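Below: one structure, written as structure tokens.
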Amino acid sequence: MTFSLRGRTALVTGARRGIGAAIAAGLAEAGADLVLMARDDALADTLAAIKAHGQDASVVTADFTDPAEVEAVATALARSRPIDILVNNAGTIRRGPAATTEAADWQHVLDVNLNSTWAVTRPIGAAMLERGAGKIITIASLLSFQGGITVPAYTASKHAVAGLTKALANEWGPHGLQVNAIAPGYIATDNTTDLRADAEREAGIRDRIPAGRWGTPEDLTGAAVFLASGASDYVNGHILAVDGGWLAR
Numbered sequence: 001m002t003f004s005l006r007g008r009t010a011l012v013t014g015a016r017r018g019i020g021a022a023i024a025a026g027l028a029e030a031g032a033d034l035v036l037m038a039r040d041d042a043l044a045d046t047l048a049a050i051k052a053h054g055q056d057a058s059v060v061t062a063d064f065t066d067p068a069e070v071e072a073v074a075t076a077l078a079r080s081r082p083i084d085i086l087v088n089n090a091g092t093i094r095r096g097p098a099a100t101t102e103a104a105d106w107q108h109v110l111d112v113n114l115n116s117t118w119a120v121t122r123p124i125g126a127a128m129l130e131r132g133a134g135k136i137i138t139i140a141s142l143l144s145f146q147g148g149i150t151v152p153a154y155t156a157s158k159h160a161v162a163g164l165t166k167a168l169a170n171e172w173g174p175h176g177l178q179v180n181a182i183a184p185g186y187i188a189t190d191n192t193t194d195l196r197a198d199a200e201r202e203a204g205i206r207d208r209i210p211a212g213r214w215g216t217p218e219d220l221t222g223a224a225v226f227l228a229s230g231a232s233d234y235v236n237g238h239i240l241a242v243d244g245g246w247l248a249r
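Note that full-length UniProt numbering numbers the sequence shown so that position 249 is 249, with each residue one more than the last.
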């Protein structure tokens with residue numbers, strides 16, 4: 001029962017496909033009911049996966065490029081029902097040389113990856129503080145530790161997410177909340193389509209991974225259930241790499 005999420009409600013952002021959809025299904029398998037926050041309500045596959053595990057699921061919509069809208073939706077949600085687990089997964093990436101990165105692209109990535117993460121976390125976290133319990137999990141990145149190539153805004157946002165995780169763990173930990181992050185390695189999702197399409201780059205990445213393969217979204221579900229459950233009650237401010245061993249090389 002240490003890993004059971006029975007009787008808890010989890011909010012997952014960006015759960016239409018990929019990592020968010022896999023984590024939502026994994027939390028449902030562990031017993032949680034789900035609220036999915038996405039830019040539209042086209043989440044039929046994710047909802048079906050949740051309901052296949054016998055759990056309830058609902059959808060709220062918000063534009064993650066508009067942090068003010070995201071905060072309004074999250075605030076209303078926090079007032080309407082208790083959220084026990086928050087998974088900040090919504091994210092985006094734009095690739096290109098730093099010297100030619102336009103301000104609009106920089107702002108777009110920061111608004112989705114960082115500012116909207118904060119816009120959800122502040123009101124949901126405030127409600128958790130009133131109840132004296134809660135689990136907050138944000139999807140970080142290997143680029144929370146490294147610099148990457150031609151993704152300056154993404155790298156900046158993911159370094160900031162790691163810092164925010166630690167800052168909130170320091171402030172909210174004494175009040176019963178655990179605030180952690182998961183740093184996925186190279187996962188086969190829409191965000192890595194261009195990398196996997198480049199035969200030379202793909203081979204170079206795969207050859208460095210001790211596991212010998214790219215990860216799948218489902219590889220992250222165990223870490224998410226762990227950080228969402230009572231099994232992680234003494235884990236706080238941690239960035240958990242799920243990378244097939246990439247950072248060990």
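All residues carry an ideal CB built from backbone N, CA and C; glycine is no exception.
Everything numeric in this text was worked out from a predicted model, so none of it was measured.
**Asked** Of the choices A133, A127 and G163, whose alpha-carbon is the least far from that of S141?
**Response** Against the sequence shown, residue 141 aligns to sequence position 141. Nearest of A133, A127 and G163 to S141, Cα basis: G163.
**Coarse secondary structure for V59, derived from DSSP in three states** = By one-based count along the sequence shown, residue 59 stands at place 59. Three-state result, V59: strand.
**Asked** With burial defined as no fewer than 16 other Cβ atoms inside 10 Å of the residue's Cβ, what is the status of P174: buried or exposed?
**Response** As a first step, residue 174 is located in the sequence shown; it is residue number 174 there, counting from the start. Under this definition P174 is an exposed residue.
**Asked** Would you say A181 and T165 are within 8 Å of each other, going by their C-beta atoms?
**Response** Residue 181 sits at position 181 when you count from the first residue of the sequence shown. Residue 165 sits at position 165 when you count from the first residue of the sequence shown. Yes, the pair counts as a contact, with Cβ atoms nearer than the cut-off.
**Request:** Could you tell me which of P210, L240 and W214 sits nearest to A224, measuring between CA atoms?
**Result:** Reading the sequence shown from its first residue, position 224 is the one you call residue 224. Out of P210, L240 and W214, L240 has the C-alpha closest to the C-alpha of A224.
**Item:** Exposed unless 16 or more other CB atoms sit within 10 angstroms - verdict on T2
**Value:** Stepping through the sequence shown from its first residue, residue 2 is reached at position 2. Under this definition T2 is an exposed residue.
**Prompt:** Are Y154 and L168 close, meaning C-beta to C-beta below 8 Å?
**Reply:** Translated into the one-based positions of the sequence shown, residue 154 becomes position 154. Translated into the one-based positions of the sequence shown, residue 168 becomes position 168. Against a cut-off of 8 Å, the Cβ pair of L168 and Y154 comes out as no contact.
**Request:** For I50, count neighbouring C-beta atoms within 10 Å of its own C-beta (all shown protein chains included) and say buried if the count is 16 or more, exposed if not.
**Result:** The sequence position of residue 50 within the sequence shown is 50, counting from 1. Counting Cβ neighbours within 10 Å, I50 comes out buried, since at least 16 surround it.
**Message:** Can you give me the C-alpha to C-alpha distance between T92 and T117, rounded to a whole angstrom?
**Reply:** Position 92 of the sequence shown, counted from the start, is the residue given in the question as residue 92. Position 117 of the sequence shown, counted from the start, is the residue given in the question as residue 117. Distance between the alpha carbons of T92 and T117: 12 Å.
**Prompt:** CA-CA distance, R201 and G176?
**Reply:** Along the sequence shown, one-based indexing puts residue 201 at 201. Along the sequence shown, one-based indexing puts residue 176 at 176. Going from the Cα of R201 to the Cα of G176 covers about 44 Å.
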